[in-house]
Amino acid sequence: MSPFGPRTSPSPRRPSRPQPSGSDTIDLGEPAELPGTDDANAIQDDLSSSIGSPDGLKSGQSLGTDTRNPSGVHLGAPIPAPLPIPLEEDPQELTGPKMVEPGRPAARKAVDLKLDVEAPRQAQVGGLATYRLTVRNDGTQVAEAVAVEAEFPPPLALPDREGTRARQGLGRLLPGEQKHVALTLTSSQPGVLACQFRVFAGQTERVWKSVSVEFVNRRLELKIVGPQQRTAGSRAEFIFKLLNVSASELQGLRAEVTYDAGLQPREASSGVVHESGRLSWDLGRLAPTEGVQLQVEFACPEPAENARVGLTVWGDNVPRDEQETYLQIVPLTGLLDLQVADQEDPIRVGETTEFVVTVLNRGLQPLRQVTLATVIPPDLQFVSASSQLGQQPLALRHDRDGSRLVFSPQTLLAPDTPLTIRIRVKAVRPGDARLEAHVTCATQPDPLVVTEMITINP
Numbered sequence: 001m002s003p004f005g006p007r008t009s010p011s012p013r014r015p016s017r018p019q020p021s022g023s024d025t026i027d028l029g030e031p032a033e034l035p036g037t038d039d040a041n042a043i044q045d046d047l048s049s050s051i052g053s054p055d056g057l058k059s060g061q062s063l064g065t066d067t068r069n070p071s072g073v074h075l076g077a078p079i080p081a082p083l084p085i086p087l088e089e090d091p092q093e094l095t096g097p098k099m100v101e102p103g104r105p106a107a108r109k110a111v112d113l114k115l116d117v118e119a120p121r122q123a124q125v126g127g128l129a130t131y132r133l134t135v136r137n138d139g140t141q142v143a144e145a146v147a148v149e150a151e152f153p154p155p156l157a158l159p160d161r162e163g164t165r166a167r168q169g170l171g172r173l174l175p176g177e178q179k180h181v182a183l184t185l186t187s188s189q190p191g192v193l194a195c196q197f198r199v200f201a202g203q204t205e206r207v208w209k210s211v212s213v214e215f216v217n218r219r220l221e222l223k224i225v226g227p228q229q230r231t232a233g234s235r236a237e238f239i240f241k242l243l244n245v246s247a248s249e250l251q252g253l254r255a256e257v258t259y260d261a262g263l264q265p266r267e268a269s270s271g272v273v274h275e276s277g278r279l280s281w282d283l284g285r286l287a288p289t290e291g292v293q294l295q296v297e298f299a300c301p302e303p304a305e306n307a308r309v310g311l312t313v314w315g316d317n318v319p320r321d322e323q324e325t326y327l328q329i330v331p332l333t334g335l336l337d338l339q340v341a342d343q344e345d346p347i348r349v350g351e352t353t354e355f356v357v358t359v360l361n362r363g364l365q366p367l368r369q370v371t372l373a374t375v376i377p378p379d380l381q382f383v384s385a386s387s388q389l390g391q392q393p394l395a396l397r398h399d400r401d402g403s404r405l406v407f408s409p410q411t412l413l414a415p416d417t418p419l420t421i422r423i424r425v426k427a428v429r430p431g432d433a434r435l436e437a438h439v440t441c442a443t444q445p446d447p448l449v450v451t452e453m454i455t456i457n458p
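Under the working numbering, think of the first position of the sequence shown as 1, with each following residue one higher.
The following block contains the structure:
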C-alpha cells in the first residue's frame with residue numbers, strides 16, 4: 001500500500017473581471033430609459049449636420065446618450081442599463097488604474113516544477129520497463145535542491161536490487177531548465193502495476209504523478225551473451241538471443257541494439273541497419289519454440305568503466321522488452337597484450353571450431369619466458385593446438401591438466417612479433433561456453449586474463 005495519500009488540487013481562483021479605462025465604451029447590459037422625443041430629434045439634427053444621415057437606421061429606431069457618459073453617443077441599439085456591482089467588490093476598482101485584459105495569462109509562479117513521465121504501455125514478466133522522466137522548472141526563480149523520488153510496491157522491483165523506493169538528486173534547476181532521469185523496473189508477476197513519482201524542491205513536495213504499466217506473461221525470451229571485461233584496443237563480441245516461448249506465432253518483430261559511444265561496431269549479422277548509436281533488424285515472424293540469434297562485434301578503443309550494450313525488441317503482438325549488459329574496458333598497464341577470438345559462433349553440438357589466441361609485446365625490448373595457459377569449459381572438448389611466431393610455424397609443446405591447457409614458455413618475444421596459438425575444440429553439449437586465457441612473462445608475473453564466449457546450439 002502506497003504511503004501517499006489522495007492528491008488534492010488547490011481551489012480554482014475566480015478570474016478577475018476586465019477593468020475598462022475611462023475612455024472605453026462599457027457594455028452596460030439592460031436597456032436604460034430613453035430621453036424624450038425632442039431631445040432625440042435635437043441630437044439627430046446635430047448628427048446630421050456634422051456627419052450626414054446615418055445609413056441603415058430603421059424606422060422608429062432611437063438615438064440616445066449614455067447617462068453615465070454624456071459625451072459618448074451610441075448609434076443604433078438601445079443603451080443598456082448598468083450592471084449590478086457585486087457587494088464584495090469596491091466600486092472604485094471599476095474606474096481605477098488597475099486593469100486586466102481579457103484572456104491575459106495568470107502571473108507565473110516563482111518556482112513551478114513540472115514532471116513528464118514516458119513509460120511503455122506493456123512489458124513482459126521478468127522483463128524491463130523503463131520510465132523516462134523529465135523535470136522542468138516553468139517558474140521565474142531558481143529551484144534549489146531538486147530531487148525525484150519513486151515508490152514501487154511489490155511485485156515491482158529494481159533489477160538485482162532490494163527496496164521499494166529510489167531517489168535521485170537533480171541539484172538546482174534554472175528558470176526554463178529541464179533535466180532527465182530514467183528508472184528501470186521489473187516484475188515477477190503479471191498485472192497492471194503503478195509506480196508513483198514525487199518531485200521535491202528542498203523538503204517541499206511540488207509534483208506528484210502515478211504511472212501504470214501492464215506486465216503480461218512472457219512471450220519472447222531475450223538473452224545477451226558477451227564478455228564482462230576487455231582491454232583497451234581489443235574487440236568484444238556479443239550474441240543477442242531471441243526465443244518464442246509462447247504457443248502462438250509472433251509477428252512484426254523488430255530488434256534494436258544500442259551501445260555507448262565508447263564502443264565502435266565493426267561486424268554485425270546480415271540485414272542490419274546502422275544508425276548513429278544503434279543497430280536494428282526487421283525479423284518478421286517467429287513460430288512457437290523458434291529462435292534467432294544476432295551478433296555484433298565492437299572495437300574497444302578507450303578505457304571505460306561501464307560501457308552499456310542494450311537490446312530492445314517489440315512486435316505486433318509482443319510488448320516492448322529490454323535487456324542490457326555492461327562491459328568494463330581496462331587500460332593496458334603492462335607490456336603484454338592478449339586477445340582471444342572464435343572463428344565460428346554459434347555452432348551446433350558435434351561441430352568443431354577454433355579459438356585464436358594472440359600475444360603481443362607492447363614494449364621496446366624482448367620479453368622473456370612468455371607463458372600461455374587456457375581453461376577449456378566442459379561444453380567443449382579439446383581436439384588439437386598449433387602455434388606460430390610471426391609468420392613462422394612454432395613447435396610449442398602443451399600439457400593438459402583436466403580442463404587446463406598449458407603451453408611451454410616462449411623464451412623470447414620480440415616487439416611487434418605476435419605469438420599466435422590456435423586451439424581447435426568440439427562442441428559436446430548445448431549452452432553458452434566461456435574459454436579463458438592467461439598470459440605471464442618474467443617481468444610480469446601477474447597474469448593478464450581474457451575470456452571469450454561461444455554459443456552451442458542443440
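Built from N, CA and C at the ideal position, the CB exists for glycine as well.
Here the structure is a predicted model, which is why all the values come from computation and not from measurement.
For this session: Using beta-carbon positions only, say whether V296 and F238 come within less than 8 Å of one another.
Result: For V296 and F238, yes; Cβs fall inside 8 Å.
Problem set entry | From T186, G233 and K241, residue whose alpha carbon lies closest to that of A299 | G233
Exercise. Would R464 pass as a contact of I456 if the rule is Cβ separation under 8 Å?
Worked result: Residue 464 cannot be examined here, being either before or after the span of the chain that is shown, 1 to 458.
For this session: Can you tell me which of the three DSSP states F382 falls into?
Result: F382: strand per DSSP, three-state reduction.
Exercise. Counting Cβ pairs closer than 8 Å, one from the stretch 184-200 and one from the stretch 152-162, do we hit at least three?
Worked result: yes
Exercise. What residue from S248, D116 and A287 has the CA that sits closest to K209's CA?
Worked result: D116
For this session: Would you check if there are 3 or more beta carbon pairs closer than 8 Å linking the stretch 243-252 to the stretch 265-281?
Result: no
Exercise. With C-beta atoms as the reference, is G363 less than 8 Å away from P409?
Worked result: Pairing G363 with P409 gives a Cβ-Cβ distance that is not under 8 Å.
Exercise. Based on the DSSP secondary-structure assignment, which residues constitute the bridge partners of T353?
Worked result: V425
Exercise. Taking the DSSP output, what are the residues bridged to T417?
Worked result: The partner list for T417 (beta bridge, DSSP) is empty, contrary to what the question assumes.
Exercise. So what does DSSP say about F152, is it helix, strand or coil?
Worked result: coil
Problem set entry | Coil, strand or helix - R132 by DSSP | strand
Exercise. Could you give the C-beta distance for E302 and R278, rounded to a whole number, given that I count them as a contact under 8 Å?
Worked result: Not confirmed; about 20 Å, so no contact.
For this session: Under 6 Å Cβ to Cβ from E322, same chain only, skipping five residues before and after it: list those, please.
Result: L128 and T312
Exercise. Which one of V383, T420, V425 and N137 has the shortest CA to CA distance from D395?
Worked result: For the record, residue 395 in the displayed sequence is Ala; it is not Asp. When the alpha-carbon of A395 is set against those of V383, T420, V425 and N137, the nearest one is in T420.
For this session: Express the C-alpha separation of P331 and Q264 in angstroms, rounding to a whole number.
Result: 17 Å
Problem set entry | For T353 and L389, believed in contact at Cβ under 8 Å, the rounded distance | With a Cβ gap of about 23 Å, L389 and T353 do not count as contacting.
Problem set entry | Nearest-angstrom Cα separation, counted from D342 out to R424 | 10 Å
For this session: Spell out whether any CB of chain C is found under 8 Å from the CB atom of F355.
Result: Looking at the structure shown, chain C is missing, and only one protein chain is on hand.
Problem set entry | Rounded C-alpha distance that separates P447 from L338 | Cα-Cα distance, rounded: 10 Å.
Exercise. In the DSSP assignment, what are the bridge partners of T333?
Worked result: BP columns for T333 are empty, so no partner.
For this session: Put R400 into one of helix, strand or coil per three-state DSSP.
Result: strand
Problem set entry | Simplified DSSP assignment, three categories, for R167 | strand
Exercise. Is L327 near V309, with beta carbons less than 8 Å apart?
Worked result: yes
For this session: Please name the residue in Q122, S384 and P366 whose C-alpha comes closest to that of T130.
Result: Q122
Problem set entry | Beta-bridge partners of R219, as assigned by DSSP | In the DSSP output, where bridge partners are listed per residue, R219 has none listed.
Exercise. What do you get for A247, buried or exposed, if any count of 16 or more other CB atoms within 10 angstroms of its CB means buried?
Worked result: Per the 10 Å Cβ criterion, exposed.
For this session: Specify the secondary structure class of K109 as computed by DSSP and reduced to three states.
Result: Coil at K109, not helix or strand.
For this session: Would you grab the beta carbon distance between C148 and L133 for me? Rounded to a whole angstrom, and I think it's under 8 Å.
Result: The amino acid occupying residue 148 in the given sequence is Val; Cys does not appear at that position. Going by Cβ atoms, the distance from V148 to L133 rounds to 6 Å, so yes, they are a contact pair.
For this session: Could you say which of A261, R219, V449 and A119 lies nearest to T467 if we only look at CA atoms?
Result: Here the chain comprises residues numbered 1 to 458, so residue 467 is not present and cannot be evaluated.
Exercise. Do you know how far the Cα of L113 is from the Cα of G163?
Worked result: 27 Å
Problem set entry | Supposed contact pair L405 and T374 - C-beta distance, whole angstroms, cut 8 Å | 5 Å
Problem set entry | From L372, E344, A182 and V292, residue whose alpha carbon lies closest to that of L336 | L372
For this session: Would you identify the three-state DSSP class for V142, choosing helix, strand or coil?
Result: coil
Problem set entry | Residues bridged to Q178 (per DSSP) | R136, per the DSSP bridge assignment.
Exercise. Tell me which same chain residues have a C-beta within less than 6 Å of the C-beta of G431, skipping the five on either side of it?
Worked result: D379 and I456
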